[in-house]
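Trainee: Before I ask anything, here is the structure I am working with.
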């Protein structure tokens, strides 16, 4: 059976007066729920400089976690996360209307990770990221929805120019900007020893990929890893909220699917 250990941590940083990041998760309480739903981890970053970003991030996470808990058993995670993130977007739009002028520009990024059997599914909007650490190496599982990343993809900027560009934090997609949002979804097969990481740009913007991988490889305690990474981000930058979730895969249940039903592979 799939076995997971996780830790999460969120910190306002050393400059900002409040924390606009928000974290949430769903943990199955029975072996039946492990197979019917699996685990869910969600991280949202209220867009910096926008009004009531913390309201938007909390609304997004609450909507996705609540919807996941109510989902039908064995609903495929890709379509499910797409539906739930779209619902989170609608909830933020509704909150804007209720808040009036004070909340007209509230917005948020989001990254969600659902794990069941031997698969992890990621859905994201914005520049909060998902990573896989395997064998001491870090692999990005999401692509930032930013102006700079689009320019990098098209070859307009080099990687060195992109890292220094003043527009590197300007989003091309976020929750709350339009009634419908395009959501990127990806799926990977996981194996024992893997560590999945979700984080806000306060972490990946301050700590290099090599340092992220090194911290995961050198520490046995997920709580120690989280604390070390937050401290490093605050020491090297500290200008943004810093949030992360660490999901360690301890055991998996190898499965196949037949007519929409899982079966165990021996």
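Residue numbers (the working numbering): 1 to 266. Heads up, the beta-carbon is just placed ideally off N, CA and C, and yes, glycines get one too.
To which residues of the same chain is residue 112 closer than 6 Å at the C-beta, ignoring the five residues directly before and after it?
Mentor: Counting only Cβ-Cβ distances below 6 Å, and skipping sequence neighbours, we find 42, 64, 81 and 123.
Trainee: Apart from the five residues on each side of it in sequence, which residues of its chain come closer than 8 Å, Cβ to Cβ, to residue 219?
Mentor: Counting only Cβ-Cβ distances below 8 Å, and skipping sequence neighbours, we find 225 and 228.
Trainee: In angstroms with no decimal places, state the Cα-to-Cα distance between residue 29 and residue 151.
Mentor: The alpha-carbon atoms of residue 29 and residue 151 are separated by roughly 45 Å.
Trainee: CA-CA distance, residue 157 and residue 163?
Mentor: Rounded to the nearest angstrom, the two C-alpha atoms are 10 Å apart.
Trainee: Any chance the segment 11 to 29 sits against the segment 235 to 252, with 3 or more Cβ pairs inside 8 Å?
Mentor: The answer is yes - the segment 235 to 252 touches the segment 11 to 29, with three or more Cβ pairs under 8 Å.
Trainee: When we look at the beta-carbon of residue 194 and count the other beta-carbons within 10 Å, is it buried (16 or more) or exposed?
Mentor: Residue 194 should be labelled buried.
Trainee: So what does residue 123 bridge to, in DSSP terms?
Mentor: Beta-bridge pairing links residue 123 to 112 and 185.
Trainee: Tell me whether residue 5 is buried or exposed, calling it buried when 16 or more other Cβ atoms sit within 10 Å of its Cβ.
Mentor: Classification for residue 5: exposed.
Trainee: Just grab the DSSP bridge partners of residue 60 for me.
Mentor: DSSP lists no partner for residue 60.
Trainee: Considering only DSSP beta bridges, list what residue 195 is partnered with.
Mentor: In the DSSP output, where bridge partners are listed per residue, residue 195 has 133 and 248.
Trainee: Could you say which of 118, 109 and 155 lies nearest to residue 142 if we only look at CA atoms?
Mentor: Checking every option, the nearest Cα to that of residue 142 belongs to 109.
Trainee: Taking 8 Å as the threshold (C-beta atoms), are residue 92 and residue 59 in contact?
Mentor: In contact: residue 59 and residue 92 (Cβ atoms closer than 8 Å).
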